[in-house]
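Data block below; observations after.
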Amino acid sequence: MPAIRHGAKGAVISGWGTALPEKVVTNEELAATMDTSDEWIRSRTGIEERRVGGSTVGLSVESGRQALEMAGLDPSRIDALVLATTTPDKQWGTSAAVQNELGLFCGAFDVNAACTGFMYGLVTAHGLIAMGADRVLLIGTDTLSRITDWNDRATAPLFADGSGAVVLESVDGPGQMLGWDLDADGSALSILQSEVGGTIKMEGKEVFRRAVRIMVDSAEKSLAHAGVQIDDIKLVVPHQANIRIIRAACDRLGISIDRASVVIQRTGNTSSASIPLALADALDRGRIEHGDLLLLVGFGGGMTAASCVLRWGGGLE
Ligand code: ACO
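Quick note: to get the numbering used here, add 1300 to the position in the sequence shown (first position is 1).
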């Protein structure tokens, strides 16, 4: 991936929001309907419960509104809406419906890169700001429960619904993005896929094996572009697919899992929402301070991988 051009207009995140459906489905509840157990799901995935329900538009409007409120911005001031989702409510127009319900007056489009959608959207949003936009609303939302086969014990415990949003604003001087990487390996498409109108099909072991490798590769590229070492990173914000994948990736990168934001135990895998949900959780808990270096890294169907290094709040060229 190319390095960020010197002098390109930078951005910082000035607000964030989250939305989870009200309905909680525990592991015990799943075990009552299929041949599985709380112990198996917890030990193999780290998931204890997940949220199920709602629509991609509805969850996006909720998280997006919160992010706008925190940024203190009237909706009319947003220059572009980027909606990362792999589960749009309709073939097209999902982002346009969100734009309308939020009262935005700007362009709106969907980004579909499976579970890396938010990361692809984050790089795209920075690109829009480099091209002259001043304020971009980026929302990552998925309603994977709608494309989950609830009779398949190999996939049903993993996937769930949720949304996370951030407002990005242009800044004078250096922005937050120090380095980024977007990657894809289409030769691995068959190990994790969903036909239009179908459900998620997955070769779990193979996805696991490749996920760790592709995440670590991408993270190392972003660290190199940013010119920083893993020891400089205050917090890793990884895609929440499986606690064992997060642990293995942290081990290979040489950073303690204590320095990762983990919400999978209560969210499951929410795809495009997973990284913004983990980021918001860390922010709300006060784990991130101005000037901290963050490594955001994810992987997803395709297979895709993406990562970036952010300096929280920007500054310090
Ligand atoms: N409950 C109980 N037993 C189960 C369950 C279940 N829910 N699912 C599988 N098993 C059984 C299997 O049948 C197998 O039994 P056997 O030994 O008698 O044959 C045994 O448990 C082990 O199964 P494995 O598939 O080998 O289990 P593994 O340790 O690999 O864990 C898992 C499976 C959790 C799916 C893991 O492989 C994984 O997390 N893979 C990555 C998945 C992932 O991240 N997907 C999302 C990608 S993100 C995106 O873009 C959507």
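Built from N, CA and C at the ideal position, the CB exists for glycine as well.
How is the alpha helix (DSSP H) around residue 1550 delimited, first residue to last? 1543 to 1553
(Q) Just verifying my parser: in three-state terms, what is the DSSP assignment at residue 1442? (A) strand
**Message:** Looking at the ligand ACO, does it come within less than 6 Å of residue 1454, judged from the CB to the closest heavy atom?
**Reply:** yes
Can you list, in chain order, the residues of its chain with a C-beta nearer than 8 Å to that of residue 1462? Leave out the 5 residues immediately preceding and following it. 1318, 1319, 1320, 1321, 1351, 1359, 1441, 1442, 1567, 1570, 1573, 1574, 1577
Q) Which residues does DSSP pair with residue 1502 in a beta bridge? A) 1492
Can you give me the Cβ contacts of residue 1336 inside the same chain, cut-off strictly under 7 Å, excluding the 5 residues immediately before and after it? 1330, 1453, 1457
- prompt: Roughly how many angstroms separate the alpha carbons of residue 1610 and residue 1353, rounded to a whole number?
  reply: 32 Å
| task | Kindly indicate which residue of 1375, 1561, 1613 has the alpha-carbon position closest to the one of residue 1597. | result | 1561
* Coarse secondary structure for residue 1463, derived from DSSP in three states -> strand
Buried or exposed by the 16-neighbour rule on C-beta atoms within 10 Å, applied to residue 1489
exposed
What do you reckon, are the CB atoms on residue 1382 and residue 1438 nearer than 7 Å?
yes
| field | N- and C-terminal bounds of the beta strand (DSSP E) containing residue 1482 | value | 1477 to 1484
Does the segment 1304 to 1314 come close enough to the segment 1470 to 1481 that 3 or more CB-CB pairs lie under 8 Å? yes
- [ ] Using the DSSP secondary-structure output, state which residues sit across from residue 1600 in a beta bridge.
- [x] 1604
* To do: Please report how far the alpha carbon of residue 1505 lies from the alpha carbon of residue 1603, in whole angstroms.
  => 14 Å
Going by DSSP, what residues sit across from residue 1415 in a beta bridge? 1413
| So is residue 1424 buried or exposed if we call it buried at 16+ other beta carbons inside 10 Å? | buried
**Asked** Between residue 1451 and residue 1544, what straight-line distance do the alpha-carbon atoms span, to the nearest angstrom?
**Response** 24 Å
Checklist entry - CA-CA distance, residue 1447 and residue 1498? => result 6 Å
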